Amino acid sequence: MRPTQVLVVCLGNICRSPAAQGILESIANNRGLKSLSVDSAGTAAYHVGNSPDSRSIKALRSVGIDISSQKARKVTSEDFERFDWIMAMDRENLQNLRAIQPVGSKAKLVLFGKYRQDVNFGEVEDPYYGGSEGFTHMREHLQTIAESFISHILDSTRE
Ligand code: 4NP
Numbered sequence: 407m408r409p410t411q412v413l414v415v416c417l418g419n420i421c422r423s424p425a426a427q428g429i430l431e432s433i434a435n436n437r438g439l440k441s442l443s444v445d446s447a448g449t450a451a452y453h454v455g456n457s458p459d460s461r462s463i464k465a466l467r468s469v470g471i472d473i474s475s476q477k478a479r480k481v482t483s484e485d486f487e488r489f490d491w492i493m494a495m496d497r498e499n500l501q502n503l504r505a506i507q508p509v510g511s512k513a514k515l516v517l518f519g520k521y522r523q524d525v526n527f528g529e530v531e532d533p534y535y536g537g538s539e540g541f542t543h544m545r546e547h548l549q550t551i552a553e554s555f556i557s558h559i560l561d562s563t564r565e
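Plus 406 on top of the position in the sequence shown (first one is 1) and you've got our numbering.
As structure tokens, then:
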């Protein structure tokens, strides 16, 4: 079966979306979902080519997930044809993505915390300018959303 292709997007692609990628891959692996392919990107180019923020790496390492080898990249218009889902961390990222989404492109563009109508986990706040507790909170929030999203994908692939 062709994998479901998911792109998670934040602003810089160094804090939230690399963490979301690592968490989604880890949960998919733990729950036996093989047909999922995950990538991450940013709407801004400030950090292109950089590793994730050391505070994100640390917050994820504490739950056994290694995101240190990821490298930041910027979203491209081709991403809207390649991915089934493009999921933004907050409304500002969602608006920026809507502005560059090619007309008629394939991707389902949503807020990660509202990946379908009957769920609402809100926005994943930007932890960049805060302390390490913000990164713990970010990780927990991402874990909650990712567990729910993986359940949704498992349910819909069983149908
Ligand atoms: P992210 O966090 O969007 O979760 O990767 C940020 C990273 C960098 C900046 C802002 C947010 N920045 O302004 O450089």
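Even glycine gets a Cβ: it sits at the ideal position worked out from N, Cα and C.
From a predicted model like this one, the values you see are computed outputs, not experimental measurements.
- [ ] With hydrogens ignored, establish whether the beta-carbon of D532 is closer than 7 angstroms to any heavy atom of the ligand 4NP.
- [x] yes
Open item on the list: Please report the straight-line C-alpha distance between S557 and V414, rounded to a whole angstrom.
Closed with: 17 angstroms
Task: Backbone secondary structure at S523 - three-state DSSP - done: Note that residue 523 is Gln in the sequence shown here, rather than Ser. If DSSP states are grouped into helix, strand and coil, Q523 belongs with coil.
Open item on the list: Comparing C-alpha positions only, which one of I463, R545, I433 and R497 sits nearest to T449?
Closed with: R497
- [ ] Check G385 in the structure and name its three-state DSSP category.
- [x] A query on residue 385 cannot be resolved here, the shown segment of the chain reaching from 407 to 565 and no further.
Task: Residue range of the unbroken alpha helix (DSSP H) whose run includes K464 - done: S460 to R467
Task: Per-residue DSSP class, three states only, for I492 - done: strand
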